[in-house]
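Please read the structure below before turning to the comments.
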Amino acid sequence: MINIDSLDVFYGRYHALTIDRPIYVEPGDRVGIIGSNGAGKTTLIRALLGQAQARGNFSVALPPHKIAVHMQQNEYTSVLPIKVIIERIIDRPIAEDTFIQELISFFDFEKNLKKRYKTLSGGEKQRLTLILVLYQRSPLVFMDEVTSGLDFVTRQQVMELLVDWFAESNQTLCIVSHYYTELEKLVNKIIYLEDGQLVDWGGNQELFRKYCGKTVLMCENNVTNKALMSGYKPMAAPDHLLAFSCKDAAEEASMSSLLRHHDIDYRRTSNDIELMTINAKKYWESKV
């Protein structure tokens, strides 16, 4: 669906993005594009859509006009009823289109059809855009910060809807997001960018094992837990957590037993995108 052997994007003299290792996105993949602000995530999407001057050896299976795209800013006429906006875009009455009816029902949007766009909440606006993007039935979908600006509860609701939708769909998805916990439920592969460069790319589990090990135990970062776990070497983790990679089942059992014996709350993980990125970035920075 997407093949990249090499790709460079320049804005004038500014080298905004370089990818110098192969990336192959297969049909049906759900790919999370992650990285810090300014890492090159949106630039990559724009390059693949032909909206940025890019050079290199790369290809997309569809022309840009056949790709369904959700970008960060999506605005519609503010004073018209939503029903009218939808019908003008799809060029037919909602009552005559079973697929748009299915999407409206799936995203629980019926109650908003008589509202005007300017009266919609942030979550309702995102649902409208998602309905119109998915209505295109494209085999390839790009989404850029689909939950940006939403509160936690609304963000969770939107992401859960996307997880449910794509679980029943054979569409290929490339989604930019910095909400890693939510991506874990949706994507099966990761493209990780920093400072306009490719840090790494691959399957979620593959990257986690590469940088974190098979399993990791995490607990609160405090004086008591540090003292208790002093016999084990911690790995890089968010500041509020202590994380320990388990080299084998015996070591995991030993650590788990120690934590339980002292009644310490802990979490076992084998797929934590945030933890993976912290350790991948640490390794990458040591090499550049």
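Counting in our numbering, the final residue of the sequence shown is number 1119, and the numbers go up one at a time with none missing. Think of the CB as a built atom: it goes at the ideal place given N, C-alpha and C, for glycine as much as any other residue. Keep in mind the model is a prediction, meaning the values are calculated, not measured.
Query: When the Cβ atoms of the region 880-890 are set against those of the region 1018-1033, are three or more pairs found closer than 8 Å?; Result: no
Query: Who are glutamate 1051's beta bridge partners in DSSP?; Result: Leu1072
Query: Need the endpoints of the alpha helix (DSSP H) that leucine 1110 sits in, please.; Result: Sequence inspection shows asparagine at residue 1110; the leucine mentioned does not correspond to that position. Per DSSP, asparagine 1110 belongs to the alpha helix (DSSP H) from 1104-1118.
Query: Which class does proline 853 belong to by DSSP, given the choice of helix, strand or coil?; Result: coil
Query: For aspartate 1026, I'd like the list of residues in its chain whose CB is within less than 7 Å of its CB, leaving aside the five on either flank, ordered along the chain.; Result: Ala870
Query: Roughly how many angstroms lie between the CA atoms of aspartate 1094 and methionine 1086, to the nearest whole one?; Result: 12 Å
Query: Could you spell out the range, first to last residue, of the beta strand (DSSP E) harbouring glycine 1062?; Result: Here glycine 1062 belongs to no beta strand (DSSP E), and DSSP marks it neither H nor E.
Query: Assuming the contact rule is C-beta atoms closer than 8 Å, serine 1008 and glutamate 976 should be a hit. Round their C-beta distance to whole Å, please.; Result: 6 Å
Query: Select from Thr960, Ile1104, Ser909, Tyr842 the residue whose C-alpha is nearest the C-alpha of aspartate 899.; Result: Note on identity: in this sequence residue 899 is alanine, with aspartate being the wrong assignment. Nearest C-alpha to alanine 899: Thr960.
Query: With 16 other CB atoms within 10 Å as the buried threshold, where does asparagine 1053 fall?; Result: exposed
Query: Using beta-carbon positions only, say whether tryptophan 885 and leucine 838 come within less than 8 Å of one another.; Result: The sequence given here places alanine at residue 885; tryptophan does not occur at that position. It is a contact, given that the beta carbons lie within the stated cut-off.
Query: Give a yes or no on whether the C-beta atoms belonging to isoleucine 920 and tyrosine 948 are separated by under 8 Å.; Result: no
Query: What's the C-alpha gap between aspartate 1070 and lysine 1064?; Result: 16 Å
Query: Our contact map puts valine 1047 next to aspartate 1103 with C-beta atoms below 8 Å; I'd like the distance itself, whole angstroms only.; Result: 7 Å
Query: With contact counted as at least three CB pairs below 8 Å, one residue from each stretch, are the region 841-855 and the region 998-1013 in contact?; Result: no
Query: Please return the same chain residues whose Cβ sits closer than 7 Å to the Cβ of arginine 1099, not counting the five positions on each side in sequence.; Result: Thr1046, Leu1048
Query: State the CB to CB distance for the pair cysteine 1050 and leucine 1090, rounded to an integer number of angstroms; the pair is presumed to be in contact (CB under 8 Å).; Result: 6 Å
Query: List in chain order: all unbroken alpha helix (DSSP H) runs of 4+ residues lying wholly within the region 868-918.; Result: 872-879
Query: What does the Cβ neighbour count give for glycine 863, buried or exposed, with the cut at 16 atoms within 10 Å?; Result: buried
Query: Beta strand (DSSP E) containing phenylalanine 938: first to last residue?; Result: Segment: none, phenylalanine 938 is in no beta strand (DSSP E) and carries neither H nor E.
Query: Could you tell me the alpha carbon to alpha carbon distance between isoleucine 1109 and tyrosine 907, rounded to whole angstroms?; Result: 38 Å
Query: Just curious, the alpha helix (DSSP H) that leucine 1159 is in, first and last residue?; Result: The chain is shown only over 832 to 1119; residue 1159 falls outside these bounds and no answer can be derived.
Query: Sort out for me which residues DSSP pairs glycine 863 with in a bridge.; Result: Ile1006, Ile1021
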